[in-house]
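*Asks:*
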Amino acid sequence: MAQLAELTGSIASVGYGLAAIGPGIGVGLIFGNGVQAMARQPEAAGLIRSNMFIGFALTEALALIGIVMPFVFGTGS
Amino acid sequence: MGADVTQLASEAGCHLFSGCGFPAPGLNEFEFEPIFTIGSIEFNKPMLLAFLCAFLVIAFFWAAFAKPKLLPGKLQLVGEIGYDFVKRSIVLETIGKKGEKYVPMLVSMFFFIWIMNIMSIIPFAQFPVMAAIAFPAGLAAVVWFTYMFLTFKTHGFVGGFKNLCWPSGIPGWVMFILVPIEFFSNIFVRPFTLAVRAFANMFAGHLLIVMFSIASWYLLSPSLGAAYGSVSFVVTLALTAFELLVQFLQAYIFVMLASSYIAGALEEAH
Numbered sequence: 335m336a337q338l339a340e341l342t343g344s345i346a347s348v349g350y351g352l353a354a355i356g357p358g359i360g361v362g363l364i365f366g367n368g369v370q371a372m373a374r375q376p377e378a379a380g381l382i383r384s385n386m387f388i389g390f391a392l393t394e395a396l397a398l399i400g401i402v403m404p405f406v407f408g409t410g411s
Numbered sequence: 379m380g381a382d383v384t385q386l387a388s389e390a391g392c393h394l395f396s397g398c399g400f401p402a403p404g405l406n407e408f409e410f411e412p413i414f415t416i417g418s419i420e421f422n423k424p425m426l427l428a429f430l431c432a433f434l435v436i437a438f439f440w441a442a443f444a445k446p447k448l449l450p451g452k453l454q455l456v457g458e459i460g461y462d463f464v465k466r467s468i469v470l471e472t473i474g475k476k477g478e479k480y481v482p483m484l485v486s487m488f489f490f491i492w493i494m495n496i497m498s499i500i501p502f503a504q505f506p507v508m509a510a511i512a513f514p515a516g517l518a519a520v521v522w523f524t525y526m527f528l529t530f531k532t533h534g535f536v537g538g539f540k541n542l543c544w545p546s547g548i549p550g551w552v553m554f555i556l557v558p559i560e561f562f563s564n565i566f567v568r569p570f571t572l573a574v575r576a577f578a579n580m581f582a583g584h585l586l587i588v589m590f591s592i593a594s595w596y597l598l599s600p601s602l603g604a605a606y607g608s609v610s611f612v613v614t615l616a617l618t619a620f621e622l623l624v625q626f627l628q629a630y631i632f633v634m635l636a637s638s639y640i641a642g643a644l645e646e647a648h
């Protein structure tokens, strides 16, 4: 099959850019809705904040796994 | 370019329009010559800074609380504010009343991490210790051992595993998917993300500051003077202020998550 395009340089950085889209949207949703919930019900702020951080940790895990992948699969950088 | 990229801009005397490319900083900013070696252990700058930070935290709290008074002095007041911050805004909100046993551990962890991060912008130190993966990994290991131990201590062996990977109030058929995910996430992903989050934020922050400080030296040129370089310098200052926020936030998130993992371990069986 004929080669259509060639990519030189760091493919890992392009990959991380793609991998960060989903977590980016997710973290935005979590904190946006968290702040909205706290504004609607300020007395529950503490409970909302701790649950918000748990959700944030789970979502950001994806972006963090994305950071590590280039190191795991070595030579692409 | 190529080999001379690894040189520092300040050493190379490399400027715009002087016929040399931008000496971009890379991983070489994070590798240090050992100060001295004992056997096969190389003692380098991050280790020295880590010892210094531990000493600072111990000395501060020793000075603040060695002879506690009913009417606190200035130092004791600052110490109490710090202790109360972690206790009220982190521990009591995630674990609740029975979490008071873990406040000392989390307070010392919070201040240790924060001071190690702040080292990023202290003159002559200028390296966030948490940007060397071994330090966040070690701290995450402490958190991992703590919450695993507490899980099995409060629930026993079978109950501990049930607590770790059997979420309540879920219809049975979802369990086929959920239990492996929960197991994997609670035992392997938690300590990994805890370490890598702190590491990656400090790593990226340090690289940004180094990048713009090198750029502000590089952009000085005979023909343009400080026109470009000063812009880059202002960005360096702005980033330093931003990093100050990030350093605090990362310490806060680390301890917040450690505390909520402990809360999960102490949770009553459902």
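Those protein sequences? They're chains A and B, same order as listed.
Just so we're aligned: the first sequence equals residues 335 to 411 in my numbering.
Just so we're aligned: the second sequence equals residues 379 to 648 in my numbering.
Idealized CB from N, CA, C, for every residue including glycine.
Predicted model, so just to flag it, every value in this text is computed and none were measured.
Going along the chain, which residues of its own chain have a beta-carbon closer than 8 Å to the beta-carbon of B/Phe535, five neighbours each way excluded?
*Replies:* none
*Asks:* Please report the residue range of the beta strand (DSSP E) in which B/Thr415 lies.
*Replies:* Phe414 to Ile416
*Asks:* Leaving out five residues before and five after B/Met634 in sequence, what residues of the same chain have Cβ atoms less than 8 Å from its Cβ?
*Replies:* These residues qualify, in order along the chain: Ile468 and Thr472.
*Asks:* Determine the extent of the alpha helix (DSSP H) in which B/Ile459 is found, giving its start and end residues.
*Replies:* Unbroken alpha helix (DSSP H) run through B/Ile459: Lys452 to Val464.
*Asks:* Just mark B/Pro506 as buried or exposed, buried being the case when its beta carbon has 16 or more other beta carbons within 10 Å.
*Replies:* Burial check for B/Pro506: the Cβ neighbour count within 10 Å reaches 16 or more, so the residue is buried.
*Asks:* Inspect the beta-carbon positions of B/Phe632 and B/Ile500 and report whether they are closer than 8 Å.
*Replies:* No.
*Asks:* Would B/Leu556 pass as an interface residue toward chain A - the criterion being a Cβ-Cβ separation below 8 Å?
*Replies:* no
*Asks:* Show which residues of chain B have a CB atom less than 9 Å away from the CB atom of A/Ser384.
*Replies:* Ile468, Glu471, Thr472, Met634, Ser637, Ser638 and Ala641
*Asks:* As a quick exercise: from B/Trp595, B/Val624 and B/Glu645, pick the residue whose alpha carbon is nearest that of B/Ser610.
*Replies:* B/Trp595
*Asks:* Does the Cβ-Cβ distance between A/Ala346 and B/Thr571 come in under 8 Å?
*Replies:* no
*Asks:* Could you tell me whether the stretch 579 to 587 of chain B touches the stretch 449 to 464 of chain B, where touching means 3 or more Cβ pairs closer than 8 Å?
*Replies:* Cβ pair count under 8 Å is below three, so no.
*Asks:* Whole beta strand (DSSP E) runs in the stretch 504 to 562 of chain B with 3 or more residues, listed along the chain?
*Replies:* none
*Asks:* Spatial neighbours of B/Ala381 within its chain, please: CB distance less than 8 Å, with the 5 preceding and 5 following residues excluded, ordered by chain position.
*Replies:* Caution applies to B/Ala381, whose pLDDT of 37 falls short of 50 and renders its modelled position unreliable; the value that the coordinates give is listed next. Once the five neighbours on either side are set aside, B/Ala381 has no close Cβ partner at all.
*Asks:* Take B/Ser599 and list the residues in its own chain whose beta-carbon comes closer than 6 Å to its own, dropping the five residues that flank it on each side.
*Replies:* His393, Leu394 and Phe395
*Asks:* What would DSSP say about B/Gly603, mapped onto helix, strand or coil?
*Replies:* strand
*Asks:* Pull the bridge partners of B/Phe421 from the DSSP assignment, please.
*Replies:* According to DSSP, which records beta bridges pairwise, B/Phe421 is partnered with B/Phe414.
*Asks:* My understanding is that B/Ile565 touches B/Leu542, with C-beta atoms under 8 Å, so please give their C-beta distance in whole angstroms.
*Replies:* 6 Å
*Asks:* In the DSSP assignment, find the unbroken alpha helix (DSSP H) run with B/Tyr721 in it and report its ends.
*Replies:* Residue 721 of chain B cannot be examined here, being either before or after the span of chain B that is shown, 379 to 648.
*Asks:* Only counting the same chain, and skipping five residues up and downstream in sequence, which positions put a Cβ closer than 6 Å to that of B/Leu517?
*Replies:* none
*Asks:* Count the CB pairs spanning the stretch 355 to 364 of chain A and the stretch 385 to 401 of chain A that are closer than 8 Å, and state whether there are at least three.
*Replies:* Below 8 Å, enough C-beta pairs join the stretch 355 to 364 of chain A and the stretch 385 to 401 of chain A to call them touching: three or more.
*Asks:* Among residues of its own chain, excluding the 5 on either side of A/Ile401, which ones have a beta-carbon nearer than 8 Å to its beta-carbon?
*Replies:* For A/Ile401, where only same-chain residues beyond five positions count, the Cβ hits under 8 Å are Tyr350.
*Asks:* So, using beta-carbon positions, are B/Phe577 and B/Ala509 closer together than 8 Å?
*Replies:* yes
*Asks:* Please report the straight-line C-alpha distance between B/Ala515 and B/Trp522, rounded to a whole angstrom.
*Replies:* 10 Å
*Asks:* Between the beta-carbon of B/Pro424 and the beta-carbon of B/Met589, is there less than 8 Å?
*Replies:* no
*Asks:* Quick one: measure Cβ to Cβ for B/Asn495 and B/Ala629, integer angstroms, because I've assumed they're closer than 8 Å.
*Replies:* 6 Å
*Asks:* With distance defined between alpha-carbon atoms, name the residue in B/Gly607, B/Glu645, B/Pro569 and B/Leu644 nearest to B/Phe400.
*Replies:* Closest in alpha carbon position to B/Phe400, among B/Gly607, B/Glu645, B/Pro569 and B/Leu644, is B/Gly607.
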